[in-house]
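Structure first, then comments.
Residue numbers (my numbering): 116 to 399.
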């Protein structure tokens with residue numbers, strides 16, 4: 116493997132089409148303001164480097180990136196690339212990851228609106244993210260110990276698993292399909308409307324009007340905090356361990372809850388017998 120070390124690049128396509136290259140302690144910055152530094156490259160390793168220019172990793176096949184920084188000016192850093200490993204790296208430019216596949220991320224700091232659109236296969240661990248429209252239309256996600264803050268996250272995702280995560284995010288999981296969220300905290304308004312075959316297991320769900328217009332929804336041993344108008348027009352099987360402020364017009368299934376302030380049935384489709392109030396002492 117060839118090595119480029121302790122250099123600064125600012126020209127257009129500075130290392131275009133490179134193969135079998137180690138980039139170490141380099142800076143992609145300068146007055147020439149060039150784009151696409153490593154476009155169309157293959158088998159690239161980048162260590163302890165600084166990226167302050169646009170589009171460095173487009174159409175890259177085989178990338179290992181560690182201990183590096185992408186600034187706010189490093190827009191759209193990774194697009195149309197595959198077989199990617201990113202560790203201990205800051206990704207702070209908008210649209211940092213898109214249309215990529217086979218991605219592993221660990222110990223990363225993400226500050227990137229519109230991050231992760233149309234990604235196929237990503238494993239993320241021990242990382243934090245702040246974003247809007249995070250991971251939209253992506254599939255085969257496996258997140259573990261990820262902290263995320265933002266709006267409109269995980270919309271239209273499919274075939275994904277989330278474990279030991281904490282999400283503070285509005286309108287999360289809309290139109291999601293075949294998703295499991297386990298041992299996690301999900302805080303925000305209007306959670307998972309229009310989702311299909313989504314399961315929350317041992318989770319804490321916080322916020323108003325969650326889980327409406329759902330199909331095949333399951334809650335297993337979940338807490339619901341400050342939740343009102345839940346499950347509107349949903350098909351749901353739920354075991355809830357905390358009181359709920361109100362439940363509105365569930366269409367089918369069964370909801371077991373220790374207490375509920377109000378069960379609203381103001382449409383003909385909302386049948387009786389879906390909600391069972393079962394005190395904790397009764398369940399022992």
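Beta carbons: idealized from backbone N, C-alpha and C, even for Gly.
Values in this document were obtained by computation on a predicted structure and should not be read as measured data.
- Task: Can you tell me the Cβ-Cβ gap for residue 237 and residue 220, rounded? I've got them flagged as a contact below 8 Å.
- Result: The beta carbons of residue 237 and residue 220 sit about 7 Å from each other, so the pair counts as a contact at 8 Å.
- Query: Per DSSP, what kind of secondary structure is residue 137 in: helix, strand or coil?
  - Reply: Residue 137 falls in the strand class under three-state DSSP.
- Query: In terms of residue numbering, what span does the beta strand (DSSP E) encompassing residue 339 cover?
  - Reply: Looking at the DSSP string, the run of the beta strand (DSSP E) that includes residue 339 is 332-340.
- Item | Alpha carbon of residue 399 to alpha carbon of residue 192, nearest angstrom | For residue 399, the predicted model reports a pLDDT of 39, less than 50, meaning its position is unreliable; a value from the coordinates is still stated below. If you take the alpha carbons of residue 399 and residue 192, they lie about 54 Å apart.
- Decide if residue 322 is buried, meaning its Cβ has at least 16 other Cβ atoms within 10 Å, or exposed. Using a 10 angstroms sphere on the CB of residue 322, the tally of other CB atoms reaches 16 or more, which defines it as buried.
- Query: When the Cα atoms are used, what is the spatial distance from residue 326 to residue 254?
  - Reply: Our two residues, residue 326 and residue 254, have alpha carbons roughly 21 Å apart in a direct line.
- In chain order, what residues of the same chain have a beta carbon less than 6 Å from the beta carbon of residue 343, not counting five sequence neighbours either side? Around residue 343: 323, 360 and 361.
- CB residue 161 to CB residue 138, shorter than 7 Å? A contact, by the Cβ cut-off of 7 Å.
- Message: If I follow the unbroken beta strand (DSSP E) through residue 312, where does it start and stop?
- Response: First-last of the beta strand (DSSP E) with residue 312: 311-316.
- Could you tell me how far apart the beta carbons of residue 375 and residue 392 are, in whole angstroms, since I believe they sit closer than 8 Å? Taking 8 Å as the upper bound for CB-CB distance, residue 375 and residue 392 are in contact here, some 6 Å apart.
- Item | Spatial distance of residue 163 from residue 156 (CA atoms) | Their Cα atoms are separated by approximately 19 Å.
- Query: Which partner residues of residue 278 appear in the DSSP bridge assignment?
  - Reply: In DSSP, residue 278 forms a bridge with 259 and 297.
- Tell me whether the beta-carbon of residue 228 lies closer than 7 Å to the beta-carbon of residue 216. No Cβ-Cβ contact shorter than 7 Å links residue 228 with residue 216.
- Task: Let me know the secondary structure DSSP gives residue 252 once reduced to three states.
- Result: Coil.
- Item | Start-end ranges of the beta strand (DSSP E) lying completely within the stretch 157-218, minimum 3 residues | Runs of the beta strand (DSSP E) lying entirely within the stretch 157-218, each at least 3 residues long, are 157-162, 176-181 and 197-202 in chain order.
- Task: Label residue 207 either buried or exposed according to how many other C-beta atoms from any shown protein chain fall within 10 Å of its C-beta, with 16 as the threshold for buried.
- Result: In summary, residue 207 is buried, with 16 or more beta-carbon neighbours lying within 10 Å of its beta-carbon over all protein chains present.
- Query: From 197, 331 and 364, pick the residue whose C-alpha is nearest to that of residue 290; which is it?
  - Reply: Ranking the options by Cα distance to residue 290, first place goes to 331.
- Message: Once the 5 residues before and after residue 203 are set aside, which same chain residues still bring their CB inside 6 Å of it?
- Response: Once the five neighbours on either side are set aside, the close Cβ partners of residue 203 are 181, 182 and 222.
- Sequence-distant residues of the same chain with beta carbon closer than 6 Å to residue 357, five excluded per side: Excluding the 5 residues flanking it on each side, residue 357 has same chain C-beta neighbours closer than 6 Å at 338 and 339, in chain order.
- Verify whether the separation of the beta carbon atoms of residue 249 and residue 277 is less than 7 Å. With contacts defined by Cβ atoms closer than 7 Å, residue 249 and residue 277 do not form a contacting pair.
- Message: Can you tell me where the beta strand (DSSP E) holding residue 243 begins and where it ends?
- Response: Here the beta strand (DSSP E) through residue 243 covers 235-247.
- Take residue 315 and list the residues in its own chain whose beta-carbon comes closer than 6 Å to its own, dropping the five residues that flank it on each side. Within the same chain, Cβ atoms closer than 6 Å to the Cβ of residue 315 are found at 296, 334 and 337, the five residues on either side in sequence being excluded.
- Task: Measure from the alpha carbon of residue 287 to the alpha carbon of each residue in 264, 274 and 171, then state which is nearest.
- Result: It is 264.
- Message: Let me make sure I understand the geometry here. Which of 135, 131 and 122 has the alpha-carbon closest to that of residue 145?
- Response: Measuring from the Cα of residue 145, the nearest candidate turns out to be 122.
- Query: How about residue 329 and residue 349: are their beta carbons less than 7 Å apart?
  - Reply: Yes.
- residue 364 versus residue 371 - alpha carbon distance: Taken atom to atom, the span from the alpha-carbon of residue 364 to that of residue 371 is near 15 Å.
- Buried or exposed: where does residue 211 fall if 16 or more other Cβ atoms within 10 Å of its Cβ makes it buried? Buried.
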